[in-house]
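Asker: In the numbering used here, the protein residues as written are 5 to 415.
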Amino acid sequence: MYWSKYFIPTLKEVPAGTEAVSHRLSLRAGLVNMLTSGVYSYLPLGYRVLSRVENIIREEMNAIGCHELLMPALHPIDIWKKTGRDATLKEVMITFDNKKGQRMCLGPTHEEIITDIVRQFVKSYRQLPVTLYQIQTKFRDEIRTRFGIVRACEFIMKDAYSFDRDGEGLKKNYDLQLQAYQRIFKRCGLEMIVVSADSGAMGGSVSHEFLVAAPIGEDAVWVNKDDGRIIKDEEGKEPQGNWERKVAIELGHIFQLGTKYSQSLGATFLDENGQTKPIIMGCYGIGVSRLIAAVIEVNNDAEGIIWPKEIAPFDVEILPVQASDSASMALAEKYYQELRQAGLEVLLDDRDESAGRKFNDADLIGIPLRVIIGKRMLAHNQVEIKLRRNGQVVVVNKDEVSQEILKLRTL
RNA sequence: CGGGGAGUAGCGCAGUUGGCUAGCGCGCUUGCUUUGGGAGCAAGAGGUCGAGAGUUCAAAUCUCUCCUCCCCGACCA
Numbered sequence: 005m006y007w008s009k010y011f012i013p014t015l016k017e018v019p020a021g022t023e024a025v026s027h028r029l030s031l032r033a034g035l036v037n038m039l040t041s042g043v044y045s046y047l048p049l050g051y052r053v054l055s056r057v058e059n060i061i062r063e064e065m066n067a068i069g070c071h072e073l074l075m076p077a078l079h080p081i082d083i084w085k086k087t088g089r090d091a092t093l094k095e096v097m098i099t100f101d102n103k104k105g106q107r108m109c110l111g112p113t114h115e116e117i118i119t120d121i122v123r124q125f126v127k128s129y130r131q132l133p134v135t136l137y138q139i140q141t142k143f144r145d146e147i148r149t150r151f152g153i154v155r156a157c158e159f160i161m162k163d164a165y166s167f168d169r170d171g172e173g174l175k176k177n178y179d180l181q182l183q184a185y186q187r188i189f190k191r192c193g194l195e196m197i198v199v200s201a202d203s204g205a206m207g208g209s210v211s212h213e214f215l216v217a218a219p220i221g222e223d224a225v226w227v228n229k230d231d232g233r234i235i236k237d238e239e240g241k242e243p244q245g246n247w248e249r250k251v252a253i254e255l256g257h258i259f260q261l262g263t264k265y266s267q268s269l270g271a272t273f274l275d276e277n278g279q280t281k282p283i284i285m286g287c288y289g290i291g292v293s294r295l296i297a298a299v300i301e302v303n304n305d306a307e308g309i310i311w312p313k314e315i316a317p318f319d320v321e322i323l324p325v326q327a328s329d330s331a332s333m334a335l336a337e338k339y340y341q342e343l344r345q346a347g348l349e350v351l352l353d354d355r356d357e358s359a360g361r362k363f364n365d366a367d368l369i370g371i372p373l374r375v376i377i378g379k380r381m382l383a384h385n386q387v388e389i390k391l392r393r394n395g396q397v398v399v400v401n402k403d404e405v406s407q408e409i410l411k412l413r414t415l
């Protein structure tokens, strides 16, 4: 991608009314744009990150045998009445009447919808287990939005739902999800705190939360300094012993639901003995858009974002210091072709801007690897490669740039 | 919803004891010079001062109502 032809509206100044680092940087780096409080557009750079995170999630979900589908965001309120959650979720639900006078809502979550689908088609124990998931926009009329994309009214979530014959199957699926979650977050460059938690409005018994320690966190946990045990901070009372309190933000939550939804919606199957039984359910969520904010929150410095390599909008940025210098640009073009052929996503800053601005923009958008082509170095047939994460500079011969990039990328 | 802050050009801000044609920086347009850390000179474009009502000879500035955004509390991914 050529920067001059792309759409990366970076901001030099800190946008007014932004406190959280991730909020500032996501606006300054041109990742997102606010329409109204809690409602954001994903600009091309932000959308690239989003897509990469989604693909990691897809890979890990598919790897444990889940099947992707897409459910509607628009729901008749009637289905919510069947579980009584039209009342329990009343505060966050966005509701309205359509022109026929039918009461509708925008889906805040999808247990009811998925259960309704499975109810229609799953009739036998032979069709179980099955786990379905989607990556989709959720709508919650938050009383208070917060920190840009962190708590939004419209946000992107991965939600998976498992259906089993018995508790044993549920436990197996639950563990698979738990392990997949560990892999997903790790690939996104996040160090997670996993803690068992309350099920809240979801119902069910067992649940685990996946949190990231960050100053903007809305939750807190106690970590035992001796044995590493972690418990949720419920009421602020410090537990007995050697504990440390950590503020953290929740990115994922998985639940063993049991039969709460299958029972109220009539999702049953016939077992081997011909007996009718409710399907045993689990549900597994990840706040995809929030995850991006959390990544920025824990991976930045004074100059900008430092993307983990798997979810960076580009793998490499090529930065010819002087776009007017034909030798520099010819080399930039050469690396661009080579690296793209090697399967990398490459951004070439071909803008005829001052060096300072190009360097600052590069730091801001935080591409992991940067190739700097300047006249001064080029006089000695040399080109620099700079690592965003630690500022380390590797000077290489101009003919070895692409090989060196491919090597550095694997580190 | 309760408490606190803020709305003036695309962005960041000044101007607010009522008084000249509403200003500064960045960005944007044109030209020339520049180009290793947000360049220089010159000439330009860009505004219902959040909205409505009121007071006044006169309102960005005073009064009332409303709207929006941000931060702190109860909920959540």
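Ideal placement from N, C-alpha and C gives every residue a C-beta, glycine not left out.
Relative to the C-alpha of residue 26, which candidate in 115, 326, 403 and 309 has its C-alpha closest?
Answerer: That would be 309, whose Cα lies nearest to the Cα of residue 26.
Asker: I'd like to know if the region 399-409 and the region 351-361 are in contact, where contact means that at least 3 CB-CB pairs between them fall below 8 Å.
Answerer: Cβ pair count under 8 Å is below three, so no.
Asker: Go through its chain and collect everything with a Cβ distance to residue 81's Cβ below 6 Å, but skip five positions before and after it.
Answerer: So the list reads 90, 107 and 109, once near-sequence residues are dropped.
Asker: How big is the Cα-Cα spacing for residue 222 and residue 215?
Answerer: For residue 222 and residue 215, the distance between alpha carbons rounds to 10 Å.
Asker: Measuring CB to CB, does residue 159 end up less than 7 Å from residue 293?
Answerer: Yes. Within cutoff.
Asker: Are there 16 or more other CB atoms within 10 angstroms of the CB of residue 167, so buried, or fewer, so exposed?
Answerer: By the neighbour-count rule (16 or more Cβ atoms within 10 Å), residue 167 is buried.
Asker: Let me know if residue 30 comes out buried or exposed under the rule of 16 or more other beta-carbons within 10 Å of its beta-carbon.
Answerer: Residue 30 should be labelled buried.
Asker: For the beta strand (DSSP E) holding residue 259, just list the boundary residues, first then last.
Answerer: Here the beta strand (DSSP E) through residue 259 covers 247-262.
Asker: Kindly give me the distance between the Cβ atoms of residue 344 and residue 372, rounded to whole angstroms, as I take these residues to be in contact under 8 Å.
Answerer: Contact flag wrong, Cβ pair sits at about 16 Å.
Asker: Buried or exposed for residue 56, please, with buried defined as at least 16 other CB atoms from any protein chain shown within 10 angstroms of its CB.
Answerer: Buried: at least 16 other Cβ atoms inside 10 Å.
Asker: Give a yes or no on whether the C-beta atoms belonging to residue 54 and residue 34 are separated by under 7 Å.
Answerer: No, these two residues do not count as a Cβ contact at 7 Å.
Asker: Any chance the region 218-237 sits against the region 175-195, with 3 or more Cβ pairs inside 8 Å?
Answerer: Flag = no, the region 218-237 and the region 175-195 do not touch.
Asker: Does the contact criterion of 3 or more C-beta pairs under 8 Å hold for the region 323-330 versus the region 226-240?
Answerer: Taking 8 Å as the limit for Cβ pairs, the verdict is that the region 226-240 does not touch the region 323-330.
Asker: Which residues in the same chain have their Cβ closer than 7 Å to the Cβ of residue 123, if we skip the five residues on either side of it in sequence?
Answerer: 269, 270 and 271, listed in sequence order.
Asker: How many angstroms separate the CA atom of residue 111 from the CA atom of residue 133?
Answerer: Approximately 25 Å, taken between the alpha carbons.
Asker: In the DSSP output, what is residue 140 paired with across the bridge?
Answerer: In DSSP, residue 140 forms a bridge with 161.
Asker: Which one of 24, 311 and 336 has the shortest CA to CA distance from residue 153?
Answerer: Comparing Cα-Cα distances from residue 153 to each of 24, 311 and 336, the minimum goes to 24.
Asker: From the DSSP output, in three-state form, read off residue 215 for me.
Answerer: Residue 215 falls in the strand class under three-state DSSP.
Asker: Roughly how many angstroms lie between the CA atoms of residue 369 and residue 243, to the nearest whole one?
Answerer: Each residue's alpha carbon lies about 42 Å from the other.
Asker: Can you find at least 3 beta carbon pairs, one from the region 284-304 and one from the region 13-23, that sit closer than 8 Å?
Answerer: Judged by Cβ distances under 8 Å, the region 284-304 makes no contact with the region 13-23, as fewer than three pairs qualify.
Asker: Threshold first: 4 residues or longer. Then list the alpha helix (DSSP H) segments lying entirely within the region 33-71, N to C.
Answerer: As far as the region 33-71 is concerned, its whole alpha helix (DSSP H) runs of at least 4 residues are 48-67.
Asker: Would you give the residue range spanned by the alpha helix (DSSP H) that residue 186 belongs to?
Answerer: Element bounds for residue 186: 171-191.
Asker: Starting from residue 84, trace the alpha helix (DSSP H) both ways and give me its first and last residue.
Answerer: Where residue 84 is concerned, the enclosing alpha helix (DSSP H) stretches over 81-85.
Asker: Thinking just about the alpha-carbon of each residue, which of 280, 318, 138 and 84 is nearest to the one in residue 72?
Answerer: The residue with the shortest Cα to Cα distance from residue 72 is 138.
Asker: Grouping DSSP H, G and I as helix and E and B as strand, with all else coil, what is residue 209?
Answerer: The answer is coil: DSSP assigns residue 209 none of H, G, I, E or B.
Asker: Taking just the CA atoms, how far does residue 398 sit from residue 339?
Answerer: Their Cα atoms are separated by approximately 16 Å.
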